[in-house]
Ligand code: TEU
Ligand code: CA
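In the working numbering, the protein residues as written are 1394 to 1949.
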């Protein structure tokens, strides 16, 4: 068996602090709100919290634009609130992973304020400044949120690079002083007792030498060619250095957010002998129904989707660790995308949870998914709180996309869907706040809420609880090798996990109609977990009902 590690055996829960729990009635979730809900997380049984950014920020990109890495955002509370939260987590045996956003800072960060003050400021080189070319940007790169990746600074008469919004200038990682500052900041948090970092777009920190033009040109005339700044050799040098100087000195875990990474590139980040990261988030399976950059939405390519998972399982086997996830604060609600958020909401939410917890890799639960929370409908763009959606709405006009069509796409795949406040109970504002919530709450909270589910043994919440408990008691679920079966089936995702003489067989019907699978000898096998109470098994076949998932366990 491969080497054990606590972060391989854990289940991680992501908190989006602005929408988790408001403790003081200003309508914004906060640190004390999180502390007040730790018993809920303990009841669920998770091991680790990944906390999205809580640092000082002007909130242009909701905390992913940081103006002070060593302070807490005023709306969220104080450093001493944070210290109480951490110690209350540790008392309950819950670990804390903080978000580390160091590809860029906010343009309100003192480093950028100094850097942009003049060409000869001694922090000028903390960011990436260049002269324009023929009165245009230094190159044709387009940023992630449909804007040019360069903004001209009138005062100091040069352009600076930003792969996200103009308010998020990219740090210059080739500057050793920048790296040392970041390493010291990381040690400061680690010495306070944090248990790891989720590293935002960490595969983008090194840019291609010479910052050349991209060749694949978009309708906008710019180039979104991720290979110009993703997975550069320098990025690996920096991560290895960070590991040597910081990470290796603590018993912690790290997960790198790495958009656009291939399986081969992934191994370079997570192979233990390379001494970089513990695991990563890859994005390939999320492309099975949408194009991230153009906001186009396709019919769900189920076979493509399951084959991506299988490919990743095989590619990392014995080489490095992965994560297992569908939802986060950047994705629409998983039950609305891959399940059915109407008549089969509960059973399909359980089915998706089954997949996440039975694949190899550390499972991640995004807040509210354990209740089967769904997408929301925004009636107007003014209801969107996300800069990415707001930018797309504007940009769509230039592409000849109607406002109705732009709203349709925003409602289907926009990030607001996952950022609506947690639905705690059926009282006003879902029990999230006693004031006016910072963003629209999904009105289905009357029926979909935590209070209604906690003591109901058939709820989505209770099913997650069982899966998490299994993950703790069953080594095969954690360490067993994956093997894909029924690869060409149009509606079923099926696989085995094998550890020594113990084997699990996972059968998942991803659709709302029943399907027969020819398999012999299932009737006497032990069922580890299923989202239906009974089974339709004959000597030679099993019928999987709408969104049915079942896990068998047996000796081989
Ligand atoms: O996201 C990086 C990323 O890849 C996103 O651009 C993603 O493609 C997009 O959100 C669409 O789903 C990280 C954070 O998770 C995100 O919230 C930040 O906005 C972004 O970095 C910049 O820090
Ligand atoms: Ca508050």
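Glycine is no exception: its CB is placed at the ideal position from the N, C-alpha and C atoms.
Distance, Cα to Cα, residue i vs residue j?
| i | j | result |
| --- | --- | --- |
| residue 1853 | residue 1871 | 22 Å |
| residue 1625 | residue 1657 | 13 Å |
| residue 1581 | residue 1403 | 25 Å |
| residue 1896 | residue 1483 | 34 Å |
| residue 1882 | residue 1696 | 8 Å |
| residue 1573 | residue 1632 | 12 Å |
| residue 1550 | residue 1529 | 12 Å |
| residue 1938 | residue 1686 | 36 Å |
| residue 1599 | residue 1635 | 13 Å |
| residue 1886 | residue 1904 | 10 Å |
| residue 1432 | residue 1415 | 16 Å |
| residue 1436 | residue 1763 | 12 Å |
| residue 1831 | residue 1421 | 6 Å |
| residue 1517 | residue 1463 | 22 Å |
| residue 1958 | residue 1744 | Summary: the structure shown does not reach residue 1958, with the chain confined to residues 1394 through 1949, and so no result is reported for it. |
| residue 1866 | residue 1860 | 10 Å |
For ligand 2, is there a heavy atom less than 8 Å away from the beta-carbon of residue i?
| i | result |
| --- | --- |
| residue 1711 | no |
| residue 1749 | no |
| residue 1507 | no |
| residue 1905 | no |
| residue 1826 | yes |
| residue 1419 | yes |
| residue 1416 | yes |
| residue 1423 | yes |
Give a single yes or no on whether residue i has its beta carbon closer than 8 Å to a heavy atom of ligand 1.
| i | result |
| --- | --- |
| residue 1759 | no |
| residue 1594 | yes |
| residue 1523 | no |
| residue 1805 | no |
| residue 1538 | yes |
| residue 1652 | yes |
| residue 1413 | no |
| residue 1494 | yes |
On the DSSP letters alone, give me the boundaries of the beta strand (DSSP E) that residue i sits inside.
| i | result |
| --- | --- |
| residue 1492 | 1488 to 1493 |
| residue 1948 | 1942 to 1948 |
| residue 1876 | 1874 to 1878 |
| residue 1739 | Element bounds for residue 1739: not the beta strand (DSSP E) but the alpha helix (DSSP H), 1738 to 1751. |
Per DSSP, which one or two residues make a beta bridge with residue i?
| i | result |
| --- | --- |
| residue 1527 | Answer is none; residue 1527 lacks a bridge partner. |
| residue 1497 | 1563 |
| residue 1717 | 1756 |
| residue 1445 | Partner(s): none; residue 1445 has no beta bridge. |
| residue 1463 | DSSP output for residue 1463 lists no bridge partner at all. |
State the start and end residues of the unbroken alpha helix (DSSP H) segment that holds residue i.
| i | result |
| --- | --- |
| residue 1791 | 1780 to 1791 |
| residue 1656 | 1656 to 1663 |
| residue 1592 | No alpha helix (DSSP H) holds residue 1592; the beta strand (DSSP E) holding it covers 1589 to 1592. |
| residue 1904 | That residue, residue 1904, is in no alpha helix (DSSP H); it is neither H nor E in DSSP. |
| residue 1801 | 1796 to 1806 |
| residue 1674 | Segment 1672 to 1674 is the beta strand (DSSP E) holding residue 1674; no alpha helix (DSSP H) there. |
Contact defined as beta carbons within less than 8 Å: I believe residue i pairs with residue j. What is the distance between those atoms, to the nearest angstrom?
| i | j | result |
| --- | --- | --- |
| residue 1775 | residue 1808 | That pair is no contact at about 16 Å. |
| residue 1753 | residue 1715 | 7 Å |
| residue 1771 | residue 1822 | About 18 Å; that fails the 8 Å criterion. |
| residue 1834 | residue 1825 | 7 Å |
| residue 1817 | residue 1844 | 6 Å |
| residue 1663 | residue 1940 | No, residue 1663 and residue 1940 are not in contact; Cβ-Cβ is about 32 Å, not under 8 Å. |
| residue 1525 | residue 1552 | 6 Å |
| residue 1591 | residue 1493 | 7 Å |
| residue 1488 | residue 1441 | 4 Å |
Counting contacts by CB-CB distance shorter than 9 Å, is residue i in contact with chain B?
| i | result |
| --- | --- |
| residue 1408 | Absent here is chain B; the protein component of the structure consists of one chain. |
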